[in-house]
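Colleague:
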Amino acid sequence: MKVGRYDYEGQIDDWPTLLAAIERVLRGGDYVLGEDVASFERELAQFLEVPHTLGTNSGTDALILAHRTAGLGKGARVVTQANTFHATAAAIHLVGAELVLVDADPHSFTMDVEALQALDGNKLDAIVPVHLYGRPCDMDAITAFAESHSLCVIEDAAQAIGARYRGRRAGSLGDFGCISFHPSKNLAAAGDGGAISFRNGTKVAHANALRSLGQVAQNDHQFVGYNSKLDTIQALVLRVKLKQLDSWNADRRRIASAYTERLAGLPMRFQSAPEHIEHVYHLFQIRVERRDELHRTLQAAGIDAVVRYPVPIHLQPAFADCNFRPGQFPVSEALSRELLALPIRPGMPDDEIDFVADQCRTFFGTTAD
Ligand SMILES: *Cc1c(COP(=O)(O)O)cnc(C)c1O
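So for the sequence shown, numbering that gives the first Met the number 0 puts the first residue at 0; every next one is plus one.
Laid out in structure tokens, this is it:
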């Protein structure tokens, strides 16, 4: 049996209608920030329960533009978690800000809020909580810390579109939310794409100019900006899929709870998800000591399990100039050695879940009861 992580074919119900819309755009030439992008930005804002969103080239660009919109650049100090995906830290570095890291929490696998609270808030400018694997960070503590020190909050919601924290959407909890539509994410474009969500509508015009080379009107460049816009074809694909995202995310939760049930009793731990959090399981992570061995065993059985991420930010060569050291963030280092993502995709049938769980049980020498 093969157990895969994606089913792109199954994400579109009505191919002829989508293909006809794509053909219309191809023939018409409204390729970049076309009418469908404007419609998608409105629909996404409605979905995220925010006043406004803007489409960008990628989730990485959404992060860069959010930092620039917030005025974060040289001289600013921005804190994120050491176990995030590379792009979070790269965006902070690329705008010229100083990258500050805190460790991950061993249960939530997201930002350790006690480590955050131990920092001198007066020496910080912004926090980038990463809702890693689809689980929102502990935003009560993060928001309280941000408010007491007047810090900007930029949510990296690239893996968590649709998730909720105390009923509110990930991406609507900070000053800015950054979303990715990379094909691997829960809402997948047909290529790269991203978006910024705004809690405060007054920042939208500036961000809009930033994504268009600083243009405020045709040929009127008020500052040096970026060229980072969403393509119309991507918006067509995303508009169709956005309608199904909540039901897909609910299905991811069904699969996650089936895994949790079938894997109970094995020497492994799962990412915590308390009642007030609606996890969207971008990845279903298990924490196991014999990770690499189990990974090889599952792969040999045709199961597309993956390691996300094997090297924490502070140990990556790209950030060598930041003077981090091995051992500085022990939880992130342990997670980089022990996390394994099992396949999860909407529509995944029970027999595939059972097969994965049985392979894990066999590996640990216990059979299902
Ligand atoms: C995917 C991802 C990004 C970057 O998004 P891209 O669209 O690939 O540029 C940023 N942060 C996290 C946590 C991600 O998973």
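Glycine residues also receive a C-beta, built at the ideal position from the N, C-alpha and C atoms.
What you are looking at is a predicted structure, and each value in this text was computed from that prediction instead of being measured.
Comparing alpha-carbon positions, which option in VAL94, ILE11, GLU146 and PHE362 lies nearest LEU209?
Modeller: On the sequence shown, position 210 is the one that residue 209 refers to. Ranking the options by Cα distance to LEU209, first place goes to VAL94.
Colleague: Given this structure, state the Cα-to-Cα distance separating GLU8 from LEU18, to the nearest angstrom.
Modeller: Here the question's residue 8 lines up with position 9 in the sequence shown. Here the question's residue 18 lines up with position 19 in the sequence shown. GLU8 and LEU18: Cα-Cα distance of roughly 13 angstroms.
Colleague: Say yes only if the C-beta of VAL101 is nearer than 8 angstroms to one or more non-hydrogen atoms of ligand 1, and no if none qualify.
Modeller: Position 102 of the sequence shown holds residue 101. No, the beta carbon of VAL101 sits no closer than 8 angstroms to any heavy atom of ligand 1.
Colleague: For a minimum of 4 consecutive residues, which ranges assigned as the alpha helix (DSSP H) are wholly contained in the region 24 to 109?
Modeller: DSSP runs (the alpha helix (DSSP H)) wholly in the region 24 to 109: 34 to 47, 58 to 68 and 85 to 93.
Colleague: Am I right that LEU293 and PHE362 are in contact with their C-beta atoms under 8 angstroms? What's the rounded C-beta distance?
Modeller: On the sequence shown, position 294 is the one that residue 293 refers to. On the sequence shown, position 363 is the one that residue 362 refers to. Going by Cβ atoms, the distance from LEU293 to PHE362 rounds to 6 angstroms, so yes, they are a contact pair.
Colleague: Identify every run of the beta strand (DSSP E) within the region 114 to 191, keeping only runs that are complete inside it and at least 3 residues long; order them along the chain.
Modeller: Runs of the beta strand (DSSP E) inside the region 114 to 191: 151 to 155 and 175 to 179.
Colleague: For ALA263, count the other beta carbons within 10 Å of its own beta carbon; 16 or more makes it buried, fewer makes it exposed. Which is it?
Modeller: Within the sequence shown, residue 263 is the residue found at index 264, counting from 1. Counting Cβ neighbours within 10 Å, ALA263 comes out exposed, since fewer than 16 surround it.
Colleague: Between ASP291 and the rest of its own chain, which residues show a CB-CB distance below 7 angstroms, the 5 nearest in sequence each way excluded?
Modeller: By one-based count along the sequence shown, residue 291 stands at place 292. Once the five neighbours on either side are set aside, ASP291 has no close Cβ partner at all.
Colleague: Considering Cα atoms alone, identify which of ASP174, VAL49, ASP124 and GLY190 is closest to THR55.
Modeller: The residue given as residue 55 occupies position 56 in the sequence shown. The shortest Cα separation from THR55 among ASP174, VAL49, ASP124 and GLY190 belongs to GLY190.
Colleague: State the Cα-Cα distance for the pair PRO105 and VAL77, rounded to the nearest angstrom.
Modeller: Numbered from 1 along the sequence shown, position 106 holds the residue referred to as residue 105. Numbered from 1 along the sequence shown, position 78 holds the residue referred to as residue 77. Spanning the two alpha carbons is a distance of roughly 22 angstroms.
Colleague: Using DSSP with H/G/I as helix, E/B as strand and the rest coil, what is VAL310?
Modeller: Along the sequence shown, read from residue 1 onward, the residue named residue 310 stands at position 311. It is coil, neither helix nor strand.
Colleague: Report the partner residues of ALA216 according to the DSSP bridge assignment.
Modeller: One-based indexing of the sequence shown puts residue 216 at position 217. Answer is ASP219.
Colleague: Kindly list the residues whose CB is nearer than 7 angstroms to the CB of GLU42, restricted to its own chain and excluding five residues on each side of it in sequence; keep chain order.
Modeller: Within the sequence shown, the letter at position 43 stands for residue 42. The answer, listed in chain order, is ARG238 and LEU241.
Colleague: Do TYR449 and GLY170 have their CB atoms nearer than 9 angstroms?
Modeller: Missing from the structure shown is residue 449; the chain here goes from 0 to 368 and no further.
Colleague: Is the Cβ-Cβ distance between PHE197 and PHE175 less than 9 angstroms?
Modeller: Reading the sequence shown from its first residue, position 198 is the one you call residue 197. Reading the sequence shown from its first residue, position 176 is the one you call residue 175. Their beta carbons are under 9 angstroms apart, which means PHE197 touches PHE175 by this criterion.
Colleague: The alpha helix (DSSP H) spanning ILE352 covers which residue range?
Modeller: Along the sequence shown, read from residue 1 onward, the residue named residue 352 stands at position 353. From DSSP, the alpha helix (DSSP H) with ILE352 extends over 349 to 362.
Colleague: On the DSSP letters alone, give me the boundaries of the alpha helix (DSSP H) that LEU297 sits inside.
Modeller: Position 298 of the sequence shown, counted from the first residue, corresponds to residue 297. Looking at the DSSP string, the run of the alpha helix (DSSP H) that includes LEU297 is 290 to 299.
Colleague: So the alpha helix (DSSP H) ARG251 belongs to, where does it begin and stop?
Modeller: By one-based count along the sequence shown, residue 251 stands at place 252. First-last of the alpha helix (DSSP H) with ARG251: 244 to 261.
Colleague: Any heavy atom of ligand 1 closer than 8 angstroms to the CB of VAL129?
Modeller: Numbered from its first residue, the sequence shown carries residue 129 at position 130. The answer is yes for VAL129.
Colleague: So the alpha helix (DSSP H) ARG336 belongs to, where does it begin and stop?
Modeller: Reading the sequence shown from its first residue, position 337 is the one you call residue 336. It spans 329 to 337 - the alpha helix (DSSP H) in which ARG336 sits, taken as one unbroken run.
Colleague: In this structure, does DSSP put ASP320 in helix, strand or coil?
Modeller: As a working note, residue 320 is residue 321 in the sequence shown. Three-state DSSP puts ASP320 in a helix.
Colleague: Specify the secondary structure class of GLU277 as computed by DSSP and reduced to three states.
Modeller: Taking the sequence shown and counting its residues from 1, one reaches residue 277 at position 278. Here GLU277 sits in strand by DSSP.
Colleague: I'd like the list of long-range same chain contacts for LYS202, defined as Cβ closer than 6 angstroms, with 5 residues on each side in sequence excluded.
Modeller: Numbered from 1 along the sequence shown, position 203 holds the residue referred to as residue 202. Here the set comprises THR68.
Colleague: Apart from the five residues on each side of it in sequence, which residues of its chain come closer than 6 angstroms, Cβ to Cβ, to ILE160?
Modeller: Your numbering for residue 160 matches position 161 in the sequence shown. Contacts found: ILE178, ASN185 and LEU186.
Colleague: Following the continuous alpha helix (DSSP H) through ARG238, name the residue where it begins and the one where it ends.
Modeller: Taking the sequence shown and counting its residues from 1, the one referred to as residue 238 is at position 239. Element bounds for ARG238: 231 to 241.
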